[in-house]
Structures are given as structure tokens and as C-alpha cells.
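Take the sequence shown: its letter number 212 is residue 415 in the numbering used here, and every next letter is one higher. We put the CB at the ideal spot given by N, CA and C, even for glycine.
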Amino acid sequence: MQALLDVILPVFLVIGIGYICVWRGVISASASEGVMQFATGFAVPLLIFQAISKLDLGQDFQPSLLISFYAGAISGFIIGFLGTRKIFKRSIEDSVAIGFCGLFSNSMLLGVPISERAFGADSLSANFAIISIHSPICYAIGITSMELTKSTGSTGIEKARKVFKSMFSNPLVLACLTGALFNIFNLSLPTAANDAISMIAQAGLPAALFGIGGILSQYRPEGDMRVTLYICCVSLILHPAITWITGKMLAVPEDAFRSAVITASMAPGVNAFIFANIYGHAKRVAATSVLIATTVSILTIWVWLHLV
204 MQALLDVILP VFLVIGIGYI CVWRGVISAS ASEGVMQFAT GFAVPLLIFQ
254 AISKLDLGQD FQPSLLISFY AGAISGFIIG FLGTRKIFKR SIEDSVAIGF
304 CGLFSNSMLL GVPISERAFG ADSLSANFAI ISIHSPICYA IGITSMELTK
354 STGSTGIEKA RKVFKSMFSN PLVLACLTGA LFNIFNLSLP TAANDAISMI
404 AQAGLPAALF GIGGILSQYR PEGDMRVTLY ICCVSLILHP AITWITGKML
454 AVPEDAFRSA VITASMAPGV NAFIFANIYG HAKRVAATSV LIATTVSILT
504 IWVWLHLV
């Protein structure tokens, strides 16, 4: 119970404040969206850039860590896609969008603050190792799958161009790649620029959590609830369970193992809805899944924290 009160509750209280502020009209929905755009389009990418540029690539990029996490994530996509297609008889485009909900956990905006509160700031290197390739891998899988289903009359070059353009216009992907380049080539910024980036980056997570609350207040629990509950099970139970099993089999070091399991236990991020909205498929299910899974994850994250 203490972990629930000290670690999880403060993070969700910030989300709740954002939710109430927009719901009660303290700030407008458009203002909340502006906060979220600042966070996800600018501040959080700068935070990711800084973190990845300072990683010890030899120590933090452990193959066993990445394999255990992404075994769970990719399994979530495959099982989400197949279940939606075969059990719930949704279109193949809907199935890709819903499968993306099982793939893209909220590793940054929820995973980092909860891991930091639970295990300390020094424990986050494994989180950032996962995050450094999270957006590229997830968007590559989601965008490629959707473009392949939608571009049945396109040539291979046209499909590749669409996938490339969609991926490399995403600020999170660009932040990961830029941070990796700075790291590999041992580049650095002037002190004044680095300090300015740090100031903006520090605002990223609180602003994003507040913005998530404002955006969630605009969603309504509607759509196919059976599919939504299915995605909640995939995201909150299956993904971390596979990561747990794989991590134990591969003997992932304890600190990295905890980060992998807790990151895997996060609800689908708002990016899951954004992805569905971009392609115009399964938008209600994606929005409802983000809303309900985020709420339920208050308890499921507590369970996973006890287990690790």
C-alpha cells in the first residue's frame, strides 16, 4: 500500500489535476492540447535527447534487457492484432491500429516518473536504453503494417517512402537518433545551450502528465468494450508477463530487470490514439483503451512493483 501512496499516486494525481482542470473549465481543452504539444513535441524530445546522449552504450545497451522488453511489446502487437482480427472480426486496418495499442506502452510519460519514484533517478539508465529505440521500433512496426495494408496498389518504393516519411517526421524518433549521434561521436553543446535544454527538459514530464489528464477528459468510454478490455489485458498483464519470463530466462541484472518489467506494465500511451487518429481506424477503441487502461493501471502497476 505504501508503494501505491508514495510512488504511483503522485503521478496519477498530476494526471487527475489536468483532467479536472479541463473538465471543470478551469483551462480550455485547446490550452491543454497546447501544453501536450509543448511536452511531446519539444520538452520530452529534449529530455530524451539529453538522456541518450549521456548513456554508456556499452553498459546500458544490454541485449538481454532489450530482448526481454521487446519480446513482450511485439507479442502484444501480434496478439492484439490477431485477437482483434480473428475473435472480434474487425477490419485488417482496425486490427493494426488496435494491435498498436498493445505494442506502444507509455514508457516515457508514465514509466520514467514511476520508475524514478520507485527506484531513484540513478536507476533510469535502463529505462532510457529501452526508450532510445522504443519510438523507432514501434512506429516502424505500426506504420509499416498499416501502409502495407493500405497501399495495396503502390510499388515497393512508394511504400518505403511513405514509411520513411512518417517515421522521420516524429520528434521522438528524431530525438532518439540525434541523441545517439551525439553519443557515438562524443559531441557536445555549449554550456549555455545545454543549460537551456535542461531547463526545458525538466518541464517535460510534469507538463506531459498534466496534458494527458486534459486530453483524457475529452474521451468517453465508448466503443466495443470487449475489444477495449482485451487490449487492457494485453497491455497491463501479457506484455509485462512476457518481459518478466524472458528477463528471468536471460538473467537480466536486477536493476535493468525491474526497469524493463515496470516499463512494460504501463498503459498504452496517447500515441496509440494519435496513431489511430492519423489513419482514421479504431479511433474510439484506441481512445477508450488509453482512458480505461490508464485508470486500471494504478492498481496493476502496484502489483508489478510488489512482484519486482
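Same chain, Cβ closer than 8 angstroms to residue i, neighbours up to 5 away in sequence not counted
{"i": "Ile340", "result": "Tyr273, Ala276"}
{"i": "Val376", "result": "Ser338, Pro339, Tyr342, Met370"}
{"i": "Asn386", "result": "Ile255, Ser256, Lys257, Leu258, Leu260"}
{"i": "Ile281", "result": "Gly302"}
{"i": "Val210", "result": "Ile317, Arg320, Ala321, Leu508"}
{"i": "Ile415", "result": "Ile218, Gly221, Met239, Leu312, Val473, Thr497"}
Closest by C-alpha distance to residue i, when choosing among the options
{"i": "Thr449", "options": "Arg429, Phe478, Pro266, Asn397", "result": "Pro266"}
{"i": "Trp505", "options": "Cys379, Val437, Ser468", "result": "Ser468"}
{"i": "Gly221", "options": "Leu441, Cys435, Ala411", "result": "Ala411"}
{"i": "Val430", "options": "Glu236, Gly305, Leu249, Ile230", "result": "Gly305"}
{"i": "Ser298", "options": "Ile400, Lys353, Ser372", "result": "Lys353"}
{"i": "Gly314", "options": "Thr466, His484, Ser328", "result": "Thr466"}
{"i": "Met311", "options": "Ile270, Ala332, Gly483", "result": "Ala332"}
{"i": "Thr497", "options": "Ala475, Tyr482, Leu351", "result": "Ala475"}
{"i": "Val493", "options": "Asp458, Leu502, Ile445, Ile434", "result": "Ile434"}
{"i": "Ala490", "options": "Leu432, Ile440, Phe241", "result": "Leu432"}
{"i": "Ala396", "options": "Leu285, Val499, Leu249", "result": "Leu249"}
{"i": "Ile400", "options": "Asn330, Ala242, Leu216", "result": "Ala242"}
{"i": "Ile334", "options": "Thr446, Cys379, Ile344", "result": "Cys379"}
{"i": "Ala470", "options": "Ser438, Ile445, Met428", "result": "Ser438"}
{"i": "Cys436", "options": "Ser372, Thr394, Thr503", "result": "Thr503"}
Residue i, DSSP secondary structure in three states
{"i": "Pro456", "result": "coil"}
{"i": "Ser231", "result": "coil"}
{"i": "Pro151", "result": "Outside the displayed range of the chain (204 to 511) lies residue 151, so it cannot be described from this structure."}
{"i": "Ser267", "result": "helix"}
{"i": "Ser438", "result": "helix"}
{"i": "Tyr422", "result": "coil"}
{"i": "Asp259", "result": "coil"}
{"i": "Val511", "result": "coil"}
{"i": "Asp398", "result": "helix"}
{"i": "Phe371", "result": "coil"}
{"i": "Phe388", "result": "coil"}
Same chain only: Cβ atoms within 6 angstroms of residue i, ignoring 5 sequence neighbours per side
{"i": "Gly382", "result": "Phe252, Ile255, Ser256"}
{"i": "Gly244", "result": "Pro374"}
{"i": "Val511", "result": "Arg461, Val464"}
{"i": "Arg364", "result": "none"}
{"i": "Val225", "result": "Ala232, Ser235, Gly417, Ser420"}
{"i": "Ile230", "result": "Cys224"}
{"i": "Val214", "result": "Pro316, Ile317"}
{"i": "Phe291", "result": "Val430"}
{"i": "Pro443", "result": "Val464, Ala467, Ser468, Trp507"}
{"i": "His484", "result": "Glu296, Asp297, Ala300"}
Cβ-Cβ separation, residue j to residue i (assumed contact under 8 angstroms), whole Å
{"i": "Ala463", "j": "Val455", "result": "6 angstroms"}
{"i": "Glu296", "j": "Met349", "result": "7 angstroms"}
{"i": "Ser328", "j": "Asp263", "result": "5 angstroms"}
Spatial neighbours of residue i in its chain, beta-carbon cut-off 7 angstroms, leaving aside the 5 residues before and after
{"i": "Asn480", "result": "Lys486"}
{"i": "Ala246", "result": "Ile403, Ala404, Ala406, Gly407, Ala410"}
{"i": "Arg288", "result": "Ile295, Ser298"}
{"i": "Ser271", "result": "Thr446, Thr449, Gly450, Leu453, Val455, Ala463"}
Residue i: CB within 7 angstroms of a non-hydrogen atom of the ligand COA
{"i": "Val376", "result": "Ligands displayed in this structure: none; no statement on the ligand COA is therefore possible."}
ask   = Which ranges would you report for the beta strand (DSSP E) in the region 310-337 if only whole runs of at least 3 residues count?
value = Listed in chain order, the beta strand (DSSP E) runs fully inside the region 310-337 amount to none, counting runs of at least 3 residues.
ask   = Going along the chain, which unbroken runs of the beta strand (DSSP E) with 3 or more residues stay wholly within the region 265-310?
value = Runs found: none.
ask   = Taking the runs of the alpha helix (DSSP H) that are 4 residues or longer, which of them lie wholly in the region 458-495?
value = Along the length of the region 458-495, whole alpha helix (DSSP H) runs at least 4 residues long occupy 473-482, reported in chain order.
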